[in-house]
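**Student:** Please read through the structure below; I'll follow up with questions.
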Amino acid sequence: MTRYKLVPVMLFALLLQAAGAWSRQASPVAAEKTLSGKTGKATILWDTYGVPHVYAKNLQEMYYSFGWAQMHNHADLLLRLYAQARGRAAAYLGENYLAEDKLVQLYDVPELARQHRSRQHKEMNNYLEAFVAGMNAYATAHPEAIGAPYKPILPITANDVMGHKIRVLYLKFLARGELGAVTASLNQGSNAWAIGPSKSASHHAMLLANPHLPWKDLYLFFEAHLNAPGFHTYGATLIGIPVLAIAFNEHLGWSHTVNTIDAADRYALTLQDQGYLLDGRTVPFVEKKITLQVKQADGSLKAVPHVLRYTQHGPVLEKGKKAFAVRIAGMDSPDLLYQWHRMGMATNWKQFEAALKLMQLPMFNVMYADDAGNISYTFAGMVPKRDTGDWSFWHQTVDGTRSSYIWHKIHAYAAMPKLLNPRSGFLQNSNDPPWSCTYPAVLQSGDYPAYMSPLEVGLRPQRGIRMLLADSLITFDQLIADKHDTHMEATDRLLDELLAAAQAHPDATVQQAAAILKAWDRTAGAESRGGVLFVTWFDQLKGKGYRQAWNVATPVGTPTGLKDPAQAVELLKTAAIAVAQDYGKADVAWGEVYRLRGRNGEDYPGNGSEDRYGVFRVIEYTRGADKKKVADAGDSYVAVLEFGKQVKARVSLSYGNATQPGSRHAWDQLPLISRQELRTPWLQQEEVLQHLEEKEELQIKQIK
């Protein structure tokens, strides 16, 4: 274990102690020389998909250009996100942002951001300053590109970027479930595969990077190609983050999936006498009074006072008459950006693992492959060391009256589940526990604390494992095909029994519905007929239709079987009537109902579906006013890679690489998504010049 000390900064020390924030020793990696204060220039070549290819003489100027590029494509969104990271968005943009301002202030994100900046690795601090300078330089050079409501947020500061990192990674990702019990929460997911030489038809390692996130707001990815001496990396990062987070270079690549980590806990408080009950006695809250400014319709500011409360567990949130404290591990660890930078700098497994050992990732699985044929899986993050309880215990609301449940340590890198070069030749993760990262299983849950991760493997990772086992040698083209696979694993568990039960039913509607499902190809392809009927029927089961629940003895074969065949047939009739009423016929094509729509009138047939049906190609849809289902989450950035003498790559970014009003690259990749195609990223400068849309020569006068 690694012991984390609390930072004593006046009252903030008490607040951090209550919030469970942690500090760490200085990074063991030596800083490189920087060029702060010198002048120079860099080039950005923008390709026809709106991807910036940055060419700079040093890393500092490279990150300056990266900041410029993000503003070029996302200026208004960036400024809004940084305003939210300040906890002052309501003052700039109105009352709709007040609740989020309260949450940001409750976790003292602005003060934590200041500390992260002052304590992060010196090398990364120089790059951060360069990134911010590039963003502000863009705003100065192109004031016409900034929306009027966002101009007052300028200039951007390094603290804004650090606060954004904290808000996104900790409050929106790591603690999404715990905070989601009292605030809004969105699901996040992903697929990632690493194929070793023994499983690869080319005998080269391959990697699939396939995060699934909402197609909006802070969850958007920005795709870029960054080049400087010793750094040639292509990939994507969450908008507003100054380093690539999922990426590859000529030697290696990595991806992340949201892991089954429990690094944040929600404690139910028992209120008593203006305080809370702990170990049989009443403890007073630590209180902090703040005043938030809220912009009014006439432009004036309204002062809104608010009292923040803290317990020994963490900050207090209220829902109705109930009060909870949410404790989050690792919020005081400042070097996440530096770790991602070092991962992008690595040229082999030894260097990459040295970056992993910095232990600055708050969460995420890390899937890795390289040109030496290595593949690896790491369950990363800051898992608290607990004295009792299993996954189920800590994943639910915890009794807040016992101080023994308040943890103070986290597990070290050596104690985390990880696997290098398994005999199976493959590694996979689709947000399932580490125990199923390869098959047959190598990592055993019994070798780790019971709270490390749950056991159950969902239908989507089961589908992935079954596809991997089906091919003794996987080609690059097959890997792309598997990535786009829309077969519904749930049909393999239920459909045959449903059709058998329906066979003897006298009702004509049931017979017609059964005939549609029997002829259906069991996919969520755009032209597929029967999928809309099946998912409408499946959703009526409400997750309770299986005869046999998931079983650890058969992890890729359960759940299975119909629990109540007669009821299932009646629900099939109901589903057939509902689909026909909504869409005119029960055998409507998937792509007629499920649509890929942009904000500028783009409208294409969809494919893929939600996770619960066991489809590997995850795209989530929301019902529109016309009863059509409109994609709003799922497949985001995709990269399929093969590490031979030269990297072979195919990529896509579902919603396009820009949000700025007027950009042609908002939603311009929807046709590719509809056709289930990937595009070739241009990795050589001569290739980029053949597909050039814009060239910018940046004169970098000074980086403070």
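Just so you know, the sequence shown maps onto residues -26 to -1, 1 to 678 in mature numbering (1 follows the signal peptide of the UniProt record, and there is no 0). All C-beta atoms, glycine included, are put in the ideal place defined by N, C-alpha and C.
Tell me where the alpha helix (DSSP H) around N165 begins and ends.
**Tutor:** That residue, N165, is in no alpha helix (DSSP H); its beta strand (DSSP E) goes G163 to I169.
**Student:** With distances taken Cα to Cα, identify the nearest neighbour of D561 among P533, T483, L447 and R653.
**Tutor:** The option with the nearest alpha carbon to D561 is T483.
**Student:** Please go through the segment 43 to 73 and give each complete alpha helix (DSSP H) segment of 4 or more residues, from N-terminal end onward.
**Tutor:** Those alpha helix (DSSP H) runs which fall completely within the segment 43 to 73 and span 4+ residues are 63 to 67.
**Student:** So is L545 buried or exposed if we call it buried at 16+ other beta carbons inside 10 Å?
**Tutor:** Classification for L545: buried.
**Student:** Could you tell me which uninterrupted beta strand (DSSP E) segments, each at least 3 residues in length, are contained entirely in the segment 271 to 352, listed from first to last along the chain?
**Tutor:** Listed in chain order, the complete beta strand (DSSP E) runs (minimum 3 residues) inside the segment 271 to 352 are 275 to 284, 290 to 293, 296 to 302 and 339 to 344.
**Student:** With distances taken between CB atoms, is the gap from I593 to G575 smaller than 8 Å?
**Tutor:** Contact flag unset, no.
**Student:** Let me check one thing: in DSSP terms, what residues is W20 bridge-paired to?
**Tutor:** W20 is bridged to P26 and E668.
**Student:** Suppose you measure from the CA of R93 to the CA of T510; what does that come to, to the nearest Å?
**Tutor:** Near 53 Å, if we compare the C-alpha coordinates of T510 and R93.
**Student:** Let me know if T207 comes out buried or exposed under the rule of 16 or more other beta-carbons within 10 Å of its beta-carbon.
**Tutor:** Buried.
**Student:** If you compare alpha carbons, which of V278, L275, V217 and K296 is closest to H246?
**Tutor:** The displayed chain sequence assigns Gln, not His, to residue 246. Ranking V278, L275, V217 and K296 by Cα distance to Q246 puts K296 first.
**Student:** Under DSSP, the beta strand (DSSP E) around H639 begins and ends at which residues?
**Tutor:** Run containing H639: none; DSSP gives neither H nor E here.
**Student:** Can you name, in chain order, every residue of its own chain whose Cβ lies under 7 Å from the Cβ of V106, other than the five neighbours on each side?
**Tutor:** Excluding residues within five positions, the ones whose Cβ falls inside 7 Å are G41, I130, T131, A132 and V135.
**Student:** Less than 8 Å between the C-beta atoms of L536 and L472, yes or no?
**Tutor:** Yes, Cβ-Cβ distance for L536 and L472 is below 8 Å.
**Student:** Would you decide whether N70 is buried or exposed? Buried here means 16 or more other CB atoms lie within 10 Å of its CB.
**Tutor:** With fewer than 16 Cβ atoms within 10 Å of its Cβ, N70 is classed as exposed.
**Student:** Identify, in the order they occur along the chain, each residue of the same chain with its Cβ nearer than 8 Å to the Cβ of S366, setting aside the five sequence neighbours on each side.
**Tutor:** Contacts found: P428.
**Student:** Check for me: the beta strand (DSSP E) holding E197 runs from which residue to which?
**Tutor:** Run containing E197: F195 to A202, per the beta strand (DSSP E) assignment.
**Student:** Going by the CB atoms, is the gap between T532 and Q522 shorter than 8 Å?
**Tutor:** Against a cut-off of 8 Å, the Cβ pair of T532 and Q522 comes out as a contact.
**Student:** Can you tell me the Cα-Cα spacing of L212 and H138, whole angstroms?
**Tutor:** Spanning the two alpha carbons is a distance of roughly 10 Å.
**Student:** Taking the C-alpha atoms as reference points, what is the distance between S1 and P308?
**Tutor:** Low per-residue confidence applies at S1: pLDDT is 31, beneath 50, and the placement is therefore not dependable, though the value from the model is reported in the following sentence. Rounded to the nearest angstrom, the two C-alpha atoms are 10 Å apart.
**Student:** Expressed to the nearest angstrom, what Euclidean distance is found between the alpha-carbon atoms of A271 and D191?
**Tutor:** If you take the alpha carbons of A271 and D191, they lie about 23 Å apart.
**Student:** Apart from the five residues on each side of it in sequence, which residues of its chain come closer than 6 Å, Cβ to Cβ, to I169?
**Tutor:** Closer than 6 Å at Cβ, skipping near neighbours: M180, F400 and I448.
**Student:** Could you tell me how far apart the beta carbons of A166 and N403 are, in whole angstroms, since I believe they sit closer than 8 Å?
**Tutor:** So it is a contact: roughly 5 Å between Cβ atoms.
**Student:** Could you tell me whether the segment 406 to 421 touches the segment 237 to 244, using the rule of 3 or more Cβ pairs below 8 Å?
**Tutor:** In short, these stretches do not touch, since the Cβ pair count stays below three.
**Student:** Per DSSP, which residues does Q673 bridge with? Please list them.
**Tutor:** Answer is K15, bridged to Q673.
**Student:** If you reduce the DSSP assignment to three classes, tell me which class Y101 lands in.
**Tutor:** Helix, per DSSP.
**Student:** Can you find the residues in the same chain that come closer than 7 Å, C-beta to C-beta, to L33, ignoring five residues on each side of it along the sequence?
**Tutor:** Counting only Cβ-Cβ distances below 7 Å, and skipping sequence neighbours, we find Y101, A202 and F205.
**Student:** I need the DSSP call for D585, collapsed to helix, strand or coil.
**Tutor:** D585 falls in the helix class under three-state DSSP.
**Student:** Can you give the Cα-Cα distance for P358 and L251, rounded to whole angstroms?
**Tutor:** Cα to Cα, the separation comes out at about 23 Å.
**Student:** Run through the DSSP bridge pairs and tell me what G249 is partnered with.
**Tutor:** Answer is Q246 and P258.
**Student:** Beta-carbon within less than 8 Å of P435's beta-carbon, same chain only, minus the 5 sequence neighbours each way: which residues are those?
**Tutor:** For P435, where only same-chain residues beyond five positions count, the Cβ hits under 8 Å are Q402, N403, S404, N405, D406 and S410.
**Student:** Can you find at least 3 beta carbon pairs, one from the segment 75 to 87 and one from the segment 218 to 227, that sit closer than 8 Å?
**Tutor:** Output reads no: the segment 218 to 227 does not touch the segment 75 to 87.
**Student:** Closest to Q650 by C-alpha separation, out of G558, G499 and A563, would be which residue?
**Tutor:** For Q650, the nearest C-alpha among the options comes from G499.
**Student:** Specify whether the segment 629 to 640 and the segment 20 to 27 touch according to this definition: at least 3 beta carbon pairs, one from each stretch, less than 8 Å apart.
**Tutor:** Yes, they touch.
**Student:** Just to confirm, are I215 and H287 a CB contact at a threshold of 8 Å?
**Tutor:** In this structure, H287 does not lie closer than 8 Å to I215 by Cβ.
**Student:** Report yes if the C-beta distance between M45 and M98 is below 8 Å; otherwise report no.
**Tutor:** The answer is no: Cβ separation not under 8 Å.
**Student:** Compute the beta-carbon to beta-carbon distance between A303 and V290, rounded to the nearest angstrom, for a pair I have assumed lies under 8 Å.
**Tutor:** Wrong, their Cβ atoms sit about 18 Å apart, outside the cutoff.
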